Every structure is written in C-alpha cells, then in structure tokens.
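So the protein lines, in turn, are chains A and B. Just so we're on the same page, the working numbering is the position in the first sequence counted from 1, plus 2. Just so we're on the same page, the working numbering is the position in the second sequence counted from 1, plus 2. Beta carbons are placed, not taken as given, at the ideal position from N, Cα and C, and that holds for glycine. On a predicted model such as this, the values are computed, not experimentally measured, just so you know.
There are 2 protein chains.
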Amino acid sequence: MKIDPSSPADLSAQIATAIRDAIIGGRLIVDQRLPSEAELAEQFEVSRPTVREALKRLAAQSLIRTQRGPTGGAFVNRLSFPDAYAQQITTSTLLLSMNAVSFETACEARFALERACAPLSAERRTADHLATMRAEIHRQAQAGLTDEAFCASDVAFHRALVDGAGNPVLSYQLAGAVEAMQPLMNMITFTARDRARIIALHQEIANAAEAQDGKAVTAGLTALEAETQDLAQSVFAALAARNAGKAG
Amino acid sequence: MKIDPSSPADLSAQIATAIRDAIIGGRLIVDQRLPSEAELAEQFEVSRPTVREALKRLAAQSLIRTQRGPTGGAFVNRLSFPDAYAQQITTSTLLLSMNAVSFETACEARFALERACAPLSAERRTADHLATMRAEIHRQAQAGLTDEAFCASDVAFHRALVDGAGNPVLSYQLAGAVEAMQPLMNMITFTARDRARIIALHQEIANAAEAQDGKAVTAGLTALEAETQDLAQSVFAALAARNAGKAG
DNA sequence: TGTAGATTTAATGTCAGACAATTAAACTCC
DNA sequence: GGAGTTTAATTGTCTGACATTAAATCTACA
Chain A
3 MKIDPSSPAD
13 LSAQIATAIR
23 DAIIGGRLIV
33 DQRLPSEAEL
43 AEQFEVSRPT
53 VREALKRLAA
63 QSLIRTQRGP
73 TGGAFVNRLS
83 FPDAYAQQIT
93 TSTLLLSMNA
103 VSFETACEAR
113 FALERACAPL
123 SAERRTADHL
133 ATMRAEIHRQ
143 AQAGLTDEAF
153 CASDVAFHRA
163 LVDGAGNPVL
173 SYQLAGAVEA
183 MQPLMNMITF
193 TARDRARIIA
203 LHQEIANAAE
213 AQDGKAVTAG
223 LTALEAETQD
233 LAQSVFAALA
243 ARNAGKAG
Chain B
3 MKIDPSSPAD
13 LSAQIATAIR
23 DAIIGGRLIV
33 DQRLPSEAEL
43 AEQFEVSRPT
53 VREALKRLAA
63 QSLIRTQRGP
73 TGGAFVNRLS
83 FPDAYAQQIT
93 TSTLLLSMNA
103 VSFETACEAR
113 FALERACAPL
123 SAERRTADHL
133 ATMRAEIHRQ
143 AQAGLTDEAF
153 CASDVAFHRA
163 LVDGAGNPVL
173 SYQLAGAVEA
183 MQPLMNMITF
193 TARDRARIIA
203 LHQEIANAAE
213 AQDGKAVTAG
223 LTALEAETQD
233 LAQSVFAALA
243 ARNAGKAG
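Shown next as structure tokens:
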C-alpha cells in the first residue's frame, strides 16, 4: 500500500482510501488488527496525526474500531446490520433534505419499495409481526397523540410489515426509504378525520397480512399512497397560500 | 453545542456527533461556513488536532468539505446524489460480504426492489433508456466477453431500467441493491447457454418496456430471478462439492 | 486610471515530541 | 497458586511550529 505525496489530495484521505480498498478487496479481513499508528506512520512515511486522521475517517464509516491498551489497536470491523441501518438512514435523510426532493417523489419511491415487500411479507410474516402491527394501530387510535408520535407509530407499523418479509437485506434497504420520509411527514398536521382514514387502511393491510393475501396488502399500500399524496398536497397548498398571503 | 469531557467516548467522536446533529437538525445549513479549527478548538475547549479528527470524520461522510486559504474553512456540504450513491454502494457491498448473507437472500431482495420500479419504468422510460438497454443486450451477445464484462453490462442494463422510472430517490435506493450484488455475481461462471437464456429474458424485458407493459416487465424480472437463482444454486453446489473433494 | 505583478494574511495541512489514560500481560509476594 | 502490583504497549490528547494554499490587498508602471 503506497500513497503519492505529490498528489493534491490530503495525505490522510489517500491513506484512508488505501486502507478502505484493502478492506473492500478482502486483503484485510474482519477482526484483523491493523499495524499500530506508529507503524502505519512509518510505512506511509507520514506523521502520526496524519495517520490518525485517516483512521478517524474509516471509523466514521464503521470500517474499523479502535481499542486501547497493549493488545489494542485498530481492527477491521464487521459492518453490522444496525450500523448499516444507521448510516443508510442518515444518508437518505440528508439526501432528501438537501436536494429539494419533492414530497411526491419521495413518497412514490417509498411506497413502490414497500410494495416490493408486500407479497413476501404476506407469505412469511410471523405472529410477532402481526402483533406489532396491531399494537401500533391501537396506539394510533389513542386520543391526545401528538402528530410526531403518530408518525413514529406509523413508521413502526410499516417497519413491522417490511420485517415480515424475513429478508434482512430488504429491511435494510427499506429502512432508508421509510425513515427518511419522517421529517417530511412531520411537516403535516393530521386532522382526526385524516388519522381515521389512515388507521382504516392500516387495518386493511394488517388483515390482508393475516390472511396472507399479498395482493390485498399491495392494494392497501397503493390506497395508502394515494391518501398520503392527497393529504400532503392539500397541506402544502395551504402552506403556500399562507406564505403568499404573508408576502402580499 | 457542548461536549462532556468526562464521557468515555472520544472527544473527537463527541464533537463530530454534535456537529452532525446540528447539520441534520438544520441548525447548520448547506454551504454555511463552520468556525475555523482554532475557533472550534476554543469553543469545545480541546486542542486543534482533536477538532481536526472530528472534522475528518464528517468529511468521510461527505457532510462537510474543506478549503484552504484566507476565505477557506469547513463548509456544510450538499450531499449530492452521486456521493450518496457511492456511500450506499460501499455500505451495501460491505454489509453483504461481511455478514454471510446468502446469495438467495441478496438476490431475492434485489429483484423484489427492482420489480418495484417496473410499472413506473414501463410507463415513463424514454427512448434513451430503451436505447441503453438495447445497446447492453447487444454487448452481452458479443463473443469473447469476459464474465466480469458480462456482469458489468448486466448492471448497466438494469440501471437503465431502474432509471427509466424517472425517480432519482428510487434510483439511489436501487443502486445499493444492484451494485452490491456484483461481487456475488462475479463468482459465477456463465456458460454460453446461460448467457443466451439471460439475454433472451433481457430482450423480453426491453420489449415489454418499449410496449409500456408494466406487468410484462415484472414477469420478465420474475423469470430472470428464477433463472439467476437456479444458476447460482448449481454453481455453488459444484463449488461445495469441489471443496468437499479437496477436504476428503 | 487601470492593470499586472508582488505582498500580505488567514486558513488548512503536516510534522515532531511529549504526556495522559487505558488495559493486558508479566511479575511479585504471600 | 492466587491476589495484588508493576510494566509496557497502544491509543487519546496537547503544545507549538512550519508548510501550503489562495484570496485580498498593495504597489509599480503604463
């Protein structure tokens, strides 16, 4: 592993890339210990702080973990599903919030992906998944629930549905799509009537999942998407009108 | 923004988290300049190297960019779609390679997600998308193509199909699923007969997309999934037998 | 007056050396 | 042989310095 000191890129970035490539390429395997910071500094012919900056870059991506003490050092980290979830959610959330992605586009993507899980979830969902869905529906019907709590429960409901497919890769991919929508959903104020309609559709979906009727689950999700898009459209229209009023 | 010096966590990690939260929470907006490293060091009551390690962590996630010179500093970075793609692909690839995810599970997830794009893509694909798909099919039929090149073309074909949905969020989510499969696919040796079957299905899918027949696209993808699973099963069975032979 | 070039300056990038904190292993003593 | 102590290796942090970059300012000259 070598770096180019005359390159315009930061040395620490080059070192991080070199090590990252070694991990992705399988030349460094899970739980393998990297050389100590002092040794890396010597190998790359840079100072220890520069090596440390490189290692921190890798740690930020959960590619390595560090441990102190005589048997310590930097170790190649097994990227766990929870870690991957967290990164996925952060990235997706920022992508949406920073790129003026319309609610419509994000909503379409989210429900399209969720429908992809519907047949599998209908077939494989366990009693646990069903119980979680029912419990969340019950929570959503409670009086005095804030909009934020309602949205959080909505996410939990959909997560149970997706997890029902029993495919961790699918759950991971969906985590980003579903959770990243939450800040957008939180902009919406739900009337009691809105909530009732959403809860009814949730009931429909849960019933379909219980009956292992994939097509009905898909249909429920499609109806929920239409409902959500309608709701958002009216909310954002009202917002725009209010802003126009302020400006005029 | 404050940190806790008595916490067991690294100071640089705490500082990175504090700044990241400020970005996600909207208290720091895109292109806003952070205080200089010296000022941050003073604010957080740590040394400059510690601040730098924190900033490198954020840079590794494309959350900030740095610039030298008098008007330089660290700026909140707009997370671009290409940056998000790259992160998504790295994370997904590592997740699969490090967690003994079966080919079957990954393949199922990938095709389930891709089917989610099928109706939208059939409806909206442009002539450009169709042309790309046809071009890749043509390439796949060329003699002397290596397995890796065949797989790469396969990815390009599916990417065109997904992009045809005209939803950047969907394309972003799919990037991880499709690209992360590539290392697994590269383990497979394709016979001429295998390639012919896959190309025929690609033709079928392209024709369906041209006819804007979403159901036919979905059916084609389902058939392709079955074909891929069969192929992988026989390849991995042969591999296992060979290894057993070595061991015996 | 305007412009090209030199200078200044503020910021990041890098380095060297030191000390603190942590923790596993080796050692000592009972 | 076991409990407590010491040792040593490693990461975490700090200080201070210099190198590099690039925008802004200043200067000289046409």
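N- and C-terminal bounds of the alpha helix (DSSP H) containing residue i
| i | result |
| --- | --- |
| arginine 161 (chain A) | 149-165 |
| glycine 146 (chain B) | From DSSP, glycine 146 (chain B) is part of no alpha helix (DSSP H); its letter is neither H nor E. |
| aspartate 33 (chain A) | Element bounds for aspartate 33 (chain A): n/a, residue is neither H nor E. |
| leucine 186 (chain A) | 184-187 |
| valine 53 (chain A) | 50-62 |
| arginine 199 (chain B) | 194-212 |
| serine 14 (chain A) | 13-26 |
| phenylalanine 81 (chain B) | The sequence shown places leucine at residue 81 (chain B), rather than the phenylalanine named in the question. Careful: leucine 81 (chain B) lies outside any alpha helix (DSSP H) and carries neither H nor E. |
| alanine 102 (chain B) | First-last for alanine 102 (chain B): undefined, no H or E at that position. |
| glutamate 47 (chain B) | Where glutamate 47 (chain B) is concerned, there is no enclosing alpha helix (DSSP H), given that its DSSP letter is neither H nor E. |
Proximity of residue i and residue j at Cβ, strictly below 9 Å
| i | j | result |
| --- | --- | --- |
| isoleucine 200 (chain B) | glutamine 142 (chain B) | yes |
| isoleucine 91 (chain B) | asparagine 79 (chain B) | no |
| glycine 166 (chain B) | alanine 211 (chain B) | yes |
| valine 219 (chain B) | serine 155 (chain B) | no |
| arginine 59 (chain A) | alanine 62 (chain B) | yes |
| leucine 223 (chain A) | glutamate 116 (chain A) | yes |
| isoleucine 139 (chain A) | alanine 208 (chain A) | yes |
| glutamate 47 (chain A) | proline 7 (chain A) | yes |
| aspartate 189 (chain A) | arginine 112 (chain A) | The sequence given here places methionine at residue 189 (chain A); aspartate does not occur at that position. The answer is no: Cβ separation not under 9 Å. |
| arginine 136 (chain B) | glutamine 214 (chain B) | no |
| alanine 86 (chain B) | serine 64 (chain B) | yes |
Nearest-angstrom Cα separation, counted from residue j out to residue i
| i | j | result |
| --- | --- | --- |
| alanine 221 (chain B) | proline 121 (chain B) | 11 Å |
| serine 236 (chain B) | leucine 163 (chain B) | 27 Å |
| glycine 178 (chain B) | glycine 247 (chain A) | 44 Å |
| methionine 100 (chain B) | alanine 242 (chain A) | 48 Å |
| alanine 240 (chain B) | threonine 191 (chain B) | 11 Å |
| aspartate 196 (chain B) | glycine 27 (chain B) | 51 Å |
| leucine 172 (chain B) | glutamate 44 (chain B) | 43 Å |
| valine 157 (chain A) | serine 82 (chain A) | 22 Å |
| phenylalanine 14 (chain B) | asparagine 169 (chain B) | In the sequence as presented, phenylalanine is not what sits at residue 14 (chain B); that position holds serine. Spanning the two alpha carbons is a distance of roughly 38 Å. |
| glutamine 231 (chain A) | glutamate 106 (chain A) | 7 Å |
| arginine 175 (chain A) | glutamine 175 (chain B) | Here the sequence assigns glutamine to residue 175 (chain A), which means arginine is not the residue at that position. If I take the Cα positions, the gap works out to 7 Å. |
| isoleucine 5 (chain B) | arginine 22 (chain B) | 13 Å |
| alanine 118 (chain B) | aspartate 12 (chain A) | 41 Å |
| glutamate 39 (chain A) | phenylalanine 77 (chain B) | 29 Å |
| glycine 250 (chain B) | leucine 30 (chain A) | Note on glycine 250 (chain B): pLDDT 46, under 50, position unreliable in the model; no value is reported. |
| glutamate 181 (chain B) | glutamate 227 (chain B) | 16 Å |
| glycine 146 (chain A) | leucine 233 (chain A) | 20 Å |
| glutamine 34 (chain A) | alanine 24 (chain A) | 12 Å |
| arginine 244 (chain A) | alanine 225 (chain A) | 29 Å |
| leucine 36 (chain A) | threonine 68 (chain A) | 10 Å |
| glutamate 150 (chain B) | threonine 193 (chain B) | 13 Å |
| proline 10 (chain B) | alanine 18 (chain B) | 15 Å |
| threonine 93 (chain A) | alanine 202 (chain B) | 37 Å |
| phenylalanine 2 (chain A) | histidine 131 (chain A) | No information on residue 2 (chain A) is available, as it lies outside the stretch 3 to 250 that chain A covers here. |
| arginine 161 (chain B) | proline 72 (chain B) | 43 Å |
| glutamine 205 (chain B) | cysteine 109 (chain B) | 20 Å |
Endpoints, beta strand (DSSP E) assigned at residue i
| i | result |
| --- | --- |
| glutamine 69 (chain A) | 66-69 |
| phenylalanine 77 (chain A) | 75-78 |
Partner residues on chain A for residue i, Cβ-Cβ distance less than 8 Å
| i | result |
| --- | --- |
| arginine 117 (chain B) | Ala118 |
Closer than 8 Å at the beta carbon, the chain B residues around residue i
| i | result |
| --- | --- |
| threonine 134 (chain A) | Correct list: empty, because the minimum Cβ distance to chain B is about 21 Å. |
| arginine 80 (chain A) | Met100, Asn101 |
| leucine 172 (chain A) | Glu110, Ala111, Ala114, Leu115 |
Under 7 Å by beta carbon: chain A residues contacting residue i
| i | result |
| --- | --- |
| arginine 54 (chain B) | Glu55 |
| lysine 217 (chain B) | Near lysine 217 (chain B) there are no residues of chain A at all, since even the closest Cβ is about 13 Å away, more than 7 Å. |
Contact list for residue i against chain B, beta-carbon separation under 7 Å
| i | result |
| --- | --- |
| glutamate 110 (chain A) | Asn169 |
| glutamine 231 (chain A) | Per Cβ cutoff of 7 Å: no residues; glutamine 231 (chain A) is ~14 Å from chain B at best. |
| leucine 122 (chain A) | Ala114 |
Per-residue contacts from residue i into chain B (C-beta, under 9 Å)
| i | result |
| --- | --- |
| phenylalanine 83 (chain A) | Leu97, Asn101 |
| alanine 225 (chain A) | Within chain B, no residue comes near alanine 225 (chain A); the closest Cβ sits about 16 Å away, beyond 9 Å. |
Under 9 Å by beta carbon: chain A residues contacting residue i
| i | result |
| --- | --- |
| alanine 158 (chain B) | Within 9 Å Cβ-Cβ: nothing; alanine 158 (chain B) doesn't reach chain A, min ~20 Å. |
Below 8 Å between beta carbons is the criterion; list the residues of the stretch 87-107 of chain B that meet it against any residue of chain A, in chain order. Gln89, Gln90, Thr92, Thr93, Ser94, Thr95, Leu96, Leu97, Leu98, Ser99, Met100, Asn101, Val103, Thr107
For the stretch 20-45 of chain B, which residues have a beta carbon sitting closer than 7 Å to at least one beta carbon of chain A? Ile26, Val32
Near-chain B residues of the stretch 176-203 of chain A - C-beta to any C-beta below 8 Å: Gly178, Ala179
Select from the stretch 4-19 of chain B all residues with a C-beta closer than 9 Å to any C-beta belonging to chain A, and list them in chain order. Asp12, Ser14, Ala15, Ala18
Relative to chain A, which residues along the stretch 57-72 of chain B have a C-beta separation below 8 Å, given in chain order? Lys58, Arg59, Leu60, Ala61, Ala62, Gln63, Leu65
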